[in-house]
Each structure stands twice: as structure tokens, then as C-alpha cells.
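Numbering (this note's numbering), first residue to last: 67 to 291.
Glycine residues also receive a C-beta, built at the ideal position from the N, C-alpha and C atoms.
Owing to the predicted nature of the structure, the values given are computational and were not obtained by experimental measurement.
This report concerns only the one structure given below.
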């Protein structure tokens with residue numbers, strides 16, 4: 067009877083151990099599945115966020131952005147033009163003065179006004195001539211200095227190179243070698259012998275004796291008789 071009770075107790079203990087191990091395995095498996103689900107959800111969220119960010123600039127938004135930029139550029143251009151026009155009007159008013167009512171002015175006042183304008187035109191023309199002269203002189207100096215700099219740096223226009231056939235080069239090389247072998251006399255200019263001949267006085271030895279030509283004269287006279 068006691069042996070039977072011991073066997074029953076052992077079997078129950080083994081069943082509890084087996085059931086405990088199965089529960090632990092189930093819990094571990096569930097924990098693993100939960101972590102996988104969390105990782106999967108996090109990856110899906112990141113992918114969806116990337117897709118949303120990529121698709122932020124749609125075609126309609128790009129079109130609206132272009133329209134805004136064009137409108138802004140047009141407004142900026144208009145503002146610059148208005149500023150230039152205002153500056154031009156201010157300069158003209160400063161140089162020419164305010165408007166004058168010519169109908170109410172007397173003859174002397176008109177003459178004085180005309181003289182003022184004439185003096186101003188003469189002064190401006192003289193200043194214009196001085197400026198043009200100084201600008202032209204500086205242009206010449208700049209050109210000269212730039213040419214000097216180019217010469218110092220060696221930035222000159224390279225002449226076009228003429229291609230020479232190989233056989234012509236060979237012929238020129240052969241002629242050069244032949245001239246070197248013959249000597250410098252090949253390059254000298256030929257001169258006629260009689261061109262620079264000096265007339266030398268005849269030697270008395272080469273002349274015929276006096277009695278010979280006297281004899282020939284006598285013979286000629288006898289033949290004539």
C-alpha cells in the first residue's frame with residue numbers, strides 16, 4: 067500500500083514538472099512572437115514615414131511653388147524699376163531745377179535762364195571731354211600693360227605649324243649631310259674669273275724685240291711698192 071502511494075506521488079510530481087516546463091516553453095515562445103511583432107510594426111511605421119516624406123512634393127504643390135516664385139520675382143523686378151525711375155526723376159530735378167512758368171517771366175528773366183542753361187551745357191561738355199580723354203588714355207595704358215604681362219608670361223599667339231611630309235624631311239636631311247661632307251665651298255657664290263682680274267703691266271720679256279717689228283714694217287712697205 068505504501069509503495070502504491072509512493073508511485074502515485076512520483077507520477078504526480080513528474081506531471082507537475084512536465085507541465086511547468088511546457089508552460090515555460092509556451093511563455094518563451096509567446097515572448098519571442100511579441101518581440102517579432104514589435105519589430106515588424108516598427109519597420110512598417112518607418113517605411114510608411116519614408117513614403118510620406120517622399121511624396122510630400124506632389125505635382126500640385128510644385129506648381130503652386132513655381133507660381134509663388136514667379137510672382138515674387140515679378141514684384142521684385144517692379145520694385146527695382148520704380149526705384150530706378152524715382153532716382154532718375156530726382157537727378158533730373160536736381161540738375162534742371164524746378165518747373166518754371168515761362169509765360170509769366172519777363173524777357174530779361176528768360177535771357178538769364180537761357181544763359182544759365184548755356185553755361186551748364188558748356189561746363190558739362192567740357193567735363194565730358196575730359197572724362198573721355200582720361201578713359202581713352204587709361205584704356206591705352208591697360209592695353210599696353212596687358213600686352214607686357216602676356217609677353218612676360220609667354221602667352222603669345224602660337225603660329226600655326228605646317229605639316230611637312232616625311233620624304234621632304236629625308237631629302238633635306240640628306241642635303242644637309244652632303245653639304246657637311248663637301249664643305250663650306252658648296253654654299254659660296256660662283257664668280258667669273260675675269261670679273262675681278264687686275265690688269266698687270268706686261269713684262270718686257272714677253273714683248274717682241276724692236277728689230278722684229280721694224281723688219282716686218284720694212285717687208286710690208288717693200289710689198290706695197
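What is the residue span of the alpha helix (DSSP H) that residue i lies within?
| i | result |
| --- | --- |
| residue 152 | 125-162 |
| residue 179 | 173-219 |
Helix, strand or coil for residue i? Go by DSSP, reduced to three states.
| i | result |
| --- | --- |
| residue 106 | helix |
| residue 166 | coil |
| residue 227 | coil |
Pull up the CB-CB distance for residue i and residue j, whole angstroms please, since I reckon it's below 8 Å.
| i | j | result |
| --- | --- | --- |
| residue 176 | residue 183 | The Cβ separation is near 11 Å, so there is no contact. |
Hey, residue i and residue j: beta-carbon distance below 8 Å or not?
| i | j | result |
| --- | --- | --- |
| residue 166 | residue 179 | yes |
Can you find a CB in chain D that lies within less than 8 Å of the CB of residue i?
| i | result |
| --- | --- |
| residue 207 | The structure shown contains no chain D, having only a single protein chain. |
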